[in-house]
Amino acid sequence: MSQAIVRAVGRARSHLLTPWLLGRIAEAAFWSFFALVLALAIGSADWVLTVVVLGVIVLGCLLLMETKILAMLWLLGQPVLFVFPNNLAAGVPFLTAERGLFLLLIGLMILHALTRSPLSRPLNRLEWIVLAFLGVLLASFLTTLPSKDMKIVRSDVALIFQCYLMPWLSILIARRIDWTELDVLRLLRLMTLTGILLVFIGILQYFLRVQWFTPKYFEVIHEGRTTGTFGNAAEYGSVLGGMAILTLAQFSISQNSMLRLFFLGCFGAMFGGILLALTRSPLVGVGAGLVVIFLGDRRIRPFFGLMTILGLLLGAIVVPLVMDTDALMARMEEMEPIYNRIALFATAGKMIAAFPLTGVGFGRYAFSDYKTDYLTGIGEVGAEWAASIGIPHLEFLHIAVLTGIVGISFYFLAIRACICTLWRIYRSPAASMFTRRLSLYVLAVLVSLLVNGLFVDFMAYNYFAAMTYFMVGVVSVVRPIHPSGAKDTSEAIGRGIARKS
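Those letters in the sequence shown? Residues 1 to 501, per full-length UniProt numbering, in order.
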């Protein structure tokens with residue numbers, strides 16, 4: 001009798017203490033512990049402990065999420081969402097939402113490499129060149145440390161991290177995520193939605209002077225022009241231009257007539273948003289990107305004429321009704337920025353001649369600090385036009401001044417590697433139709449970025465470069481997917497992923 005009871009109890013215990021039940025008990029205990037600690041912290045008004053506990057909970061949730069979702073959150077949250085937590089934490093040095101997420105993504109990438117995860121892959125030629133360029137930048141920055149005080153050092157660390165390390169290393173992050181064509185299609189849809197939100201933010205700023213989305217944790221220039229969630233109007237317009245090109249990619253890929261009409265409308269809305277920035281460089285950048293698309297995508301060429309005619313008609317009707325056309329034309333015809341740039345280019349040329357090999361050293365204020373002895377002009381444009389400007393407003397010239405021939409050479413090699421990667425995919429018969437077409441449009445975004453670099457310094461760009469290089473990484477590893485029930489690739493394409501030319 002006793003043995004029967006023991007066996008019954010054993011069977012009951014084995015059924016009760018299953019791994020599923022034990023996992024649920026452990027999970028409940030985990031959350032109960034943190035809930036208790038959080039309640040005690042709030043009850044005792046210990047706000048430091050409260051923030052720490054909330055941070056641990058958020059970090060735990062992020063670690064449980066898929067890396068792909070984290071990367072998409074990092075990419076899409078920067079232009080529309082992160083401005084709110086960043087404004088709340090404006091007093092916290094260096095740390096912002098995008099930088100924190102980026103460090104987490106870098107940590108996960110290293111963890112995958114150490115554990116030999118399937119997501120880990122060896123560095124390819126593009127990545128080695130990128131790392132070499134970043135190494136030159138960091139070495140140039142380190143040589144300037146003895147002559148800088150700590151406040152300037154902190155500013156330079158934030159600058160090199162945000163404007164160079166994050167954009168270029170995003171290629172490595174994107175390449176260590178498993179991207180299917182369906183994943184990328186969803187990402188593109190979300191980027192279009194993000195672009196429309198940016199247009200809405202621009203409308204609120206331009207017409208209603210609503211400043212809810214204006215960053216408070218860094219200086220915003222270009223008052224009176226639409227800047228969105230960015231620090232200047234040029235980046236607002238450039239980001240919208242890049243997203244408009246990726247929206248046009250979806251227009252080219254889709255077979256659904258209503259969907260194509262929707263994407264065409266979104267493209268037009270984003271182009272209108274660029275006009276609200278009242279700056280020329282984004283328009284030139286988008287124009288260069290559209291030339292790349294016109295040359296590479298034969299299917300979309302007939303629509304270019306239609307879009308041009310419709311755009312001119314709508315522009316002639318709508319723009320005078322909703323915008324101050326006098327201010328717009330005055331901005332487009334303004335000559336002072338051109339004179340500034342002519343004098344700055346001449347000054348930068350003299351600085352490069354004085355420090356040809358390694359430059360003056362990387363830093364936010366390096367050009368401004370050294371330029372006084374080299375101020376000059378060209379012809380009737382005197383040196384005074386460059387006296388009050390702290391940067392040359394040409395990215396590649398600026399890098400040449402800061403890092404010399406060595407730095408600019410590695411910079412061009414890294415850019416060339418990106419272009420060659422995209423071009424090789426576009427020309428590859430082994431790549432899917434979707435991937436080839438997407439590589440062309442990402443190349444157009446990259447060309448738009450580079451053309452913008454002829455008018456601005458990427459030290460003023462917190463996001464556009466990161467968006468562009470992340471997409472370069474995505475395109476380089478995207479793999480085809482066959483929906484369930486599809487008999488072959490052509491049937492998968494027919495369901496809306498892409499279609500043959």
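The beta carbon of each residue, even a glycine, is placed where N, CA and C say it ideally should be.
Mind checking whether glycine 273 and threonine 308 have CB atoms under 9 angstroms apart?
no
Measuring alpha carbon to alpha carbon, tell me which of Ile57, Glu98, Pro85 and Gly55 ends up nearest methionine 72.
Glu98
Distance check for isoleucine 201 and serine 209, CA to CA, integer angstroms please.
Inspection of the sequence shows that residue 209 is occupied by arginine rather than by serine. Cα-Cα distance, rounded: 10 angstroms.
Tell me whether the beta-carbon of methionine 243 lies closer than 9 angstroms to the beta-carbon of threonine 279.
no
Bridge partners of threonine 180, per DSSP?
Arg479
Roughly how far, in whole angstroms, is the beta-carbon of valine 136 from the beta-carbon of threonine 421, given that I think they are within contact range, below 8 angstroms?
With a Cβ gap of about 20 angstroms, valine 136 and threonine 421 do not count as contacting.
Expressed to the nearest angstrom, what Euclidean distance is found between the alpha-carbon atoms of tryptophan 168 and proline 429?
28 angstroms
On the DSSP bridge assignment, give the partners of valine 381 in chain order.
Ile378
Would you mind giving the Cβ-Cβ distance between glycine 473 and alanine 174, rounded to the nearest angstrom? I have them listed as a contact below 8 angstroms.
Contact flag correct, Cβ pair sits at about 3 angstroms.
Under 7 angstroms Cβ to Cβ from methionine 109, same chain only, skipping five residues before and after it: list those, please.
Leu172, Ile173 and Arg176
For glutamine 78, which residues in the same chain have their Cβ closer than 6 angstroms to its Cβ, ignoring the five residues on either side in sequence?
Glu98 and Tyr463
Looking at the unbroken alpha helix (DSSP H) that takes in methionine 86, where does it start and where does it end?
In the sequence on display, residue 86 carries asparagine and not methionine. 83 to 88 is the extent of the alpha helix (DSSP H) around asparagine 86.
Taking its Cβ as the centre, do 16 or more other Cβ atoms sit within 10 Å of tryptophan 128, making it buried, or is it exposed?
exposed
Are the CB atoms of valine 401 and tyrosine 370 within a distance shorter than 9 angstroms?
yes
Three or more beta-carbon pairs under 8 angstroms between the stretch 46 to 53 and the stretch 150 to 167, yes or no?
no
With a threshold of 7 angstroms on Cβ separation, who are the neighbours of leucine 344 within its own chain once the five nearest residues in sequence on each side are excluded?
Ala386, Ile389, Pro392 and His393
Can you look up leucine 123 in the DSSP assignment and give me helix, strand or coil?
coil
Closer than 7 angstroms by C-beta to leucine 187: which residues in its own chain qualify, once you throw out the five before and the five after it? Chain order, please.
Around leucine 187, the same chain offers Met72 as residues with beta carbons nearer than 7 angstroms, after the five sequence neighbours per side are excluded.
Among Gly289, Gly363 and Ala158, which residue has its Cα nearest to the Cα of glycine 100?
Ala158
Would you call the CB atoms of isoleucine 253 and leucine 290 closer than 9 angstroms?
no
Please identify the residue among Phe470, Ala132, Ala269 and Leu88 whose C-alpha is closest to the C-alpha of leucine 197.
Ala269
Would isoleucine 221 be called buried (16 or more neighbouring beta carbons within 10 Å of its own) or exposed?
exposed
If you drop the 5 nearest sequence neighbours on each side, which residues of the same chain put their C-beta closer than 6 angstroms to that of valine 447?
Answer for valine 447: Ala288, Gly289 and Val292, listed in chain order.
Suppose contacts are defined by Cβ-Cβ distances below 9 angstroms. Is leucine 75 in contact with methionine 351 by that definition?
no
Tell me the residue span of the alpha helix (DSSP H) that contains leucine 394.
Premise fails: leucine 394 is in no alpha helix (DSSP H) and is neither H nor E.
Quick one: grab the DSSP three-state call for lysine 148.
coil
Could you pull out every residue in the same chain whose Cβ sits closer than 6 angstroms to the Cβ of serine 155, ignoring the five residues on either side in sequence?
Arg364
Kindly indicate which three-state DSSP category proline 337 falls into: helix, strand or coil?
Looking at proline 337 - three-state DSSP - the assignment turns out to be helix.
Taking 9 angstroms as the threshold (C-beta atoms), are leucine 450 and isoleucine 415 in contact?
yes
Let me make sure I understand the geometry here. Which of Thr143, Ala444 and Phe470 has the alpha-carbon closest to that of glycine 296?
Ala444
With burial defined as no fewer than 16 other Cβ atoms inside 10 Å of the residue's Cβ, what is the status of isoleucine 69: buried or exposed?
Isoleucine 69 is exposed by the Cβ-count criterion.
Helix, strand or coil for threonine 247, going by three-state DSSP, please let me know.
helix
Do threonine 96 and glycine 361 have their CB atoms nearer than 9 angstroms?
no
Anyone know if the C-beta pair for leucine 240 and phenylalanine 251 falls short of 9 angstroms?
no
Going straight from the alpha carbon of threonine 489 to that of alanine 431, what length do you get?
In this prediction, threonine 489 has a pLDDT of 38, which is less than 50 and means its spatial position is unreliable; what the coordinates show is noted afterwards. Computed Cα separation, rounded: 12 angstroms.
In chain order, what residues of the same chain lie with their CB nearer than 6 angstroms to the CB of serine 170, ignoring the 5 residues before and after it?
For serine 170, the CB contacts under 6 angstroms within the same chain, skipping 5 residues up- and downstream, are Ala466, Tyr469 and Phe470 in chain order.
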